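A.B. asks:
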Amino acid sequence: MPAARGRIARRAGAVLLAVVTAWGTASCSVIPTGGKSVVSVDDERKGDQLGDPYARVIAMRPKAGWSPEEVVTGFRAAMASLDDPGFGIAREYLAADFAAKWNPGSGVTVYRQGAYERFAPLRNGDRQAQVTLKGTKVATIDPDGRYRPGGGPLNEPFTLSMQASGEWRISSAPDGLLLSEADVARGYLPVDLYFLDARRKALVADQVRVPIDPGANFAKTTVERLLRGPSSSLKDAVRTAFTGVRLLDVTTENNRVVVDLDDRVPADLIDPMSAQLAATLSALTKGGLGFEVKVNGESYHPDAPLRIDAQKQASFDSWLAPGTVEPFYLSGGGLRLLGKENTGQPVPGRAGQKQQGDHPPAISGEAERQVAELSQERTDISVAPIAAGGEWRIWVTGHSLAPPAWDRYHTLWVVDRPNDHTSIVSRYESGGKRHHRVQAPDLETVFVKSLKVARDGVHVAVIVKDGLGEQVQVGTVIGEKDRTRITNLQTVVHSEAGRKIEDIAWNDGTTLYVLTGTSELLEASVAAEPVSLGTGSRIKSITALDGRLLAGAENEQGERQVFYWTSTKWEPLVKHENGSTDFLENGPSFPVFPLD
1 MPAARGRIAR
11 RAGAVLLAVV
21 TAWGTASCSV
31 IPTGGKSVVS
41 VDDERKGDQL
51 GDPYARVIAM
61 RPKAGWSPEE
71 VVTGFRAAMA
81 SLDDPGFGIA
91 REYLAADFAA
101 KWNPGSGVTV
111 YRQGAYERFA
121 PLRNGDRQAQ
131 VTLKGTKVAT
141 IDPDGRYRPG
151 GGPLNEPFTL
161 SMQASGEWRI
171 SSAPDGLLLS
181 EADVARGYLP
191 VDLYFLDARR
201 KALVADQVRV
211 PIDPGANFAK
221 TTVERLLRGP
231 SSSLKDAVRT
241 AFTGVRLLDV
251 TTENNRVVVD
261 LDDRVPADLI
271 DPMSAQLAAT
281 LSALTKGGLG
291 FEVKVNGESY
301 HPDAPLRIDA
311 QKQASFDSWL
321 APGTVEPFYL
331 SGGGLRLLGK
341 ENTGQPVPGR
351 AGQKQQGDHP
361 PAISGEAERQ
371 VAELSQERTD
381 ISVAPIAAGG
391 EWRIWVTGHS
401 LAPPAWDRYH
411 TLWVVDRPND
421 HTSIVSRYES
431 GGKRHHRVQA
441 PDLETVFVKS
451 LKVARDGVHV
461 AVIVKDGLGE
471 QVQVGTVIGE
481 KDRTRITNLQ
491 TVVHSEAGRK
501 IEDIAWNDGT
511 TLYVLTGTSE
521 LLEASVAAEP
531 VSLGTGSRIK
541 SITALDGRLL
551 AGAENEQGER
561 QVFYWTSTKW
571 EPLVKHENGS
581 TDFLENGPSF
591 PVFPLD
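According to full-length UniProt numbering, the sequence shown is numbered sequentially starting from 1.
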């Protein structure tokens, strides 16, 4: 085994990828010349502002006399080549029968720290060999681009057979592509595709990985993927304005990104289409370029071009760029709105007066705001308008209720837990007079500590507790009223048995903040492993909106305070009118932004 590894290392230059930096439209050709040498040749096509530089790779064809390990290494390298989209070179490493069966489009396994293990040394006359790639699996990428983080041991066997030519070829291997983290970083573009909610009033992000096409700029590759529709995680939950149209090209003209389609969309979908394009392309164009849509190279309208503002998505969906939205918090049991110089004022109506509950309030998102609060006994939820004369009224009664949450459609989400292993999810509307049971079979047999709907109205996050401990899961809301269901739940944070997850807060439709029982703050999403941002002292709750992150905390003396996150540490936020930041037991607590 050590000798085989040494032989591979000495000859790796003849097997591994040729790599060179390139742009969104290929700026150079790469000619492998053998060994480790690579010659770069200028190409007529140059990089443009629709593509960032990337590492362009070209795979080697198999060479005579390669060992089984070297053949597998060459095959793995060929799988990562962007310049061979049909994987013709990769198939040259395969025996004829297997080459006809191998399906590279069935998905991607992403791994790190790969190493080979052979079951037995080769002897003269052996016609078959087996090589196993061992390492750590870190994620999978579905055929539709959905990236699913997930660790575990990697144990992928490759069977090789000796061909009539006297060369080893792979006769059995895992289906799909097997790529290292570096391969994925080189060859896949992480993008947020934006679709429409069921009412075509909101934008919903779909986080996917798109294979880079060396023959196209990144913007064209991204719009082509947008027109194919959402990934499986959002299937049936979103809509698109692009039904029945194809993309011809994406170029730049007069400092605009020009999207050329083969047909027009219905008139009532022009505004949603424009928002989808602007939201999807804003990250690639750095938000500075406007957009124009053409049809078959001509103006969209016979009498005028269809031009789209660079920030069209913000005017279409105000929650994508909410601007100045001040947080609320509790003080002495009454609801306060944070005002000038970080001092709070009681809100009008009964909600601004002292209440019996001591749980996080929930603030609705509409102009005529309402607040929902859970009683101290967790047996009922009351709602009050935040307006002069607003009175509390009980909307919900139950056995053991979780804190309530609003969505953008003015409905209140409620979870009742009749026992420690059962949860019932419902939506309440029309002043609590009507409610609908939500179909959520994956949640009905666990204890749901908290449920929060993202401001896009489609993504939902829950803290669940079962025999394996506490987990944070993110899923999808599909349907309305009595047809509502929660599907596609995926664990994004898992805490070991006995350890708690204290709170969750949506920053936007893709990013979720998680507070653990040890006051550690995590940033999580369905498309990446959670990242630790740091810890705080006795943090009890969190809330977030558009990059602003607040927390409610309590020190050992029982003093309460609201903090804001500076990206490195927590700092006190709320002040008394006299400037003091010291609070007694009834000080500020449970900060909350609307729809959190």
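Beta carbons: idealized from backbone N, C-alpha and C, even for Gly.
As the structure is a prediction and not an experimental result, all values here were calculated from the model.
Can you tell me which residues form a DSSP beta bridge with LYS294?
C.D. replies: Translated into positions along the sequence shown, residue 294 becomes position 294. ASP260 and SER299.
A.B. asks: Have a look at the DSSP bridge pairing and note the partners of ARG146.
C.D. replies: Start at 1 with the first residue of the sequence shown, and residue 146 comes out as number 146. VAL208.
A.B. asks: Between the C-alpha atoms of PHE447 and TRP319, what's the straight-line distance to the nearest angstrom?
C.D. replies: Translated into positions along the sequence shown, residue 447 becomes position 447. Translated into positions along the sequence shown, residue 319 becomes position 319. Their backbone Cα atoms lie some 30 Å apart in a straight line.
A.B. asks: Which one or two residues does DSSP pair with HIS421 in a beta bridge?
C.D. replies: For the purposes of this step, residue 421 is identified with residue 421 of the sequence shown, where counting begins at 1. HIS421 pairs with nothing; no bridge assigned.
A.B. asks: Tell me, to the nearest whole angstrom, how far the beta carbon of PRO174 is from that of THR109; I am working on the premise that it is less than 8 Å.
C.D. replies: The sequence position of residue 174 within the sequence shown is 174, counting from 1. The sequence position of residue 109 within the sequence shown is 109, counting from 1. With 8 Å as the limit, PRO174 and THR109 qualify as a contact, their Cβ atoms being about 7 Å apart.
A.B. asks: Whole alpha helix (DSSP H) runs in the region 52-124 with 4 or more residues, listed along the chain?
C.D. replies: Fully enclosed alpha helix (DSSP H) runs of 4 or longer: 68-79, 88-91 and 96-101.
A.B. asks: For ARG386, name the three-state secondary structure that DSSP assigns.
C.D. replies: As a working mapping, residue 386 is identified with position 386 in the sequence shown. For the record, residue 386 in the displayed sequence is Ile; it is not Arg. Of the three classes helix, strand and coil, the one that applies to ILE386 here is coil, per DSSP.
A.B. asks: Leaving out five residues before and five after ASP503 in sequence, what residues of the same chain have Cβ atoms less than 6 Å from its Cβ?
C.D. replies: Working through the sequence shown from its first residue, we reach residue 503 at position 503. Same-chain partners within the cutoff: LEU515, SER541 and ILE542.
A.B. asks: To the nearest whole angstrom, what separates the beta carbons of ILE486 and GLY469, a pair I think is in contact under 8 Å?
C.D. replies: Indexing the sequence shown from 1 puts residue 486 at position 486. Indexing the sequence shown from 1 puts residue 469 at position 469. About 21 Å; that fails the 8 Å criterion.
A.B. asks: What does the alpha-carbon distance come out to for the pair GLY365 and TRP406?
C.D. replies: The residue given as residue 365 occupies position 365 in the sequence shown. The residue given as residue 406 occupies position 406 in the sequence shown. Taking the straight line joining both Cα atoms gives about 8 Å.
A.B. asks: Cutting at 8 Å between CB atoms, please list the residues of its own chain near THR285, excluding the five before and the five after it.
C.D. replies: For the purposes of this step, residue 285 is taken as the residue at position 285 of the sequence shown. Taken in chain order, the residues that qualify are GLN49, LEU50, ALA219, VAL257 and ALA310.
A.B. asks: Confirm, please, whether the CB-CB distance from ARG239 to LEU196 is below 8 Å.
C.D. replies: Numbered from 1 along the sequence shown, position 196 holds the residue referred to as residue 196. Numbered from 1 along the sequence shown, position 239 holds the residue referred to as residue 239. It is a contact, given that the beta carbons lie within the stated cut-off.
A.B. asks: What are the boundary residues of the alpha helix (DSSP H) that includes LYS312?
C.D. replies: Counted from its first residue, the sequence shown places residue 312 at position 312. LYS312 -> alpha helix (DSSP H) spans 312-316.
A.B. asks: Quick check: the Cα distance between LEU261 and VAL191, rounded to an integer number of angstroms?
C.D. replies: Against the sequence shown, residue 261 aligns to sequence position 261. Against the sequence shown, residue 191 aligns to sequence position 191. Straight-line Cα distance between these residues: approximately 21 Å.
A.B. asks: Have a look at LEU193 and GLN313 and give me their C-alpha separation to the nearest angstrom.
C.D. replies: Translated into the one-based positions of the sequence shown, residue 193 becomes position 193. Translated into the one-based positions of the sequence shown, residue 313 becomes position 313. Each residue's Cα considered, the two are about 12 Å apart.
A.B. asks: Let me know the beta strand (DSSP E) ranges lying completely inside the region 146-215, each 3 residues or longer, listed in chain order.
C.D. replies: Qualifying beta strand (DSSP E) stretches, in chain order: 147-162, 168-172, 177-180, 188-196 and 203-211.
A.B. asks: Decide yes or no for the touch test of the region 395-404 against the region 436-450: beta carbon pairs closer than 8 Å, at least 3 of them.
C.D. replies: Counting Cβ pairs under 8 Å, three or more are found: they touch.
A.B. asks: Determine whether the beta carbon atoms of LEU522 and SER537 lie at a separation below 8 Å.
C.D. replies: Position 522 of the sequence shown holds residue 522. Position 537 of the sequence shown holds residue 537. Cβ distance not < 8 Å, so LEU522 and SER537 don't count as in contact.
A.B. asks: Three or more C-beta pairs under 8 Å: does that hold for the region 504-513 against the region 124-144?
C.D. replies: With the cut-off at 8 Å, the region 504-513 and the region 124-144 do not touch.
A.B. asks: What three-state label does DSSP hand ARG307 in the structure shown?
C.D. replies: Locating residue 307 in the sequence shown gives position 307, where the first residue counts as 1. Here ARG307 sits in strand by DSSP.
A.B. asks: Rounded to whole angstroms, what's the CA-CA distance from SER40 to MET79? Just pull it up for me.
C.D. replies: Taking the sequence shown and counting its residues from 1, one reaches residue 40 at position 40. Taking the sequence shown and counting its residues from 1, one reaches residue 79 at position 79. Note on SER40: pLDDT 34, under 50, position unreliable in the model; the coordinate value appears next. The straight-line gap from Cα to Cα measures roughly 22 Å.
A.B. asks: With H, G and I counted as helix, E and B as strand and the rest as coil, what does DSSP make of LEU226?
C.D. replies: By one-based count along the sequence shown, residue 226 stands at place 226. The answer is helix: DSSP assigns LEU226 an H, G or I state.
A.B. asks: Specify the secondary structure class of ARG10 as computed by DSSP and reduced to three states.
C.D. replies: Taking the sequence shown and counting its residues from 1, the one referred to as residue 10 is at position 10. With a pLDDT of 36 at ARG10, under the threshold of 50, the modelled position of this residue cannot be trusted; read the value that follows with caution. Helix, per DSSP.
A.B. asks: Three Cβ pairs or more, each shorter than 8 Å: is that satisfied between the region 58-66 and the region 89-104?
C.D. replies: Contact holds: three or more Cβ-Cβ distances are below 8 Å.
A.B. asks: Report the residue from LEU277, THR379, GLY352 and GLY534 whose alpha carbon sits nearest the alpha carbon of VAL250.
C.D. replies: Locating residue 250 in the sequence shown gives position 250, where the first residue counts as 1. Closest option to VAL250, Cα to Cα, is LEU277.
A.B. asks: Which residue comes first and which comes last in the alpha helix (DSSP H) that contains ASP271?
C.D. replies: For the purposes of this step, residue 271 is taken as the residue at position 271 of the sequence shown. ASP271 -> alpha helix (DSSP H) spans 270-281.
A.B. asks: From the DSSP output, which residues share a beta bridge with ARG408?
C.D. replies: Indexing the sequence shown from 1 puts residue 408 at position 408. According to DSSP, ARG408 bridges with nothing at all.
A.B. asks: For the region 478-549, list the beta strand (DSSP E) runs that are entirely contained and at least 3 residues long, ordered along the chain.
C.D. replies: Counting only runs of 3 or more, we get 485-495, 501-506, 512-516, 520-525, 528-535 and 539-545.
A.B. asks: Identify the residues that DSSP records as bridge partners of VAL245: which are they?
C.D. replies: For this step, residue 245 is matched to residue 245 along the sequence shown. According to DSSP, VAL245 bridges with nothing at all.
A.B. asks: Quick check: THR568 and GLY534, are their CB atoms within less than 8 Å of each other?
C.D. replies: Numbered from 1 along the sequence shown, position 568 holds the residue referred to as residue 568. Numbered from 1 along the sequence shown, position 534 holds the residue referred to as residue 534. The answer is yes: Cβ separation under 8 Å.
A.B. asks: Using the C-alpha atoms, what's the distance from GLY323 back to ASP546?
C.D. replies: Residue 546 sits at position 546 when you count from the first residue of the sequence shown. Residue 323 sits at position 323 when you count from the first residue of the sequence shown. Cα to Cα, the separation comes out at about 8 Å.
A.B. asks: Report all residues from its chain with a CB closer than 7 Å to the CB of THR397; omit the five preceding and five following residues, and keep chain order.
C.D. replies: Taking the sequence shown and counting its residues from 1, the one referred to as residue 397 is at position 397. Counting only Cβ-Cβ distances below 7 Å, and skipping sequence neighbours, we find THR379 and ASP380.
A.B. asks: Determine the direct distance from the alpha carbon of TRP168 to that of SER161, and round the result to whole angstroms.
C.D. replies: In the sequence shown, counting from the first residue as 1, residue 161 sits at position 161. In the sequence shown, counting from the first residue as 1, residue 168 sits at position 168. Going by the C-alpha atoms only, they are around 6 Å apart.
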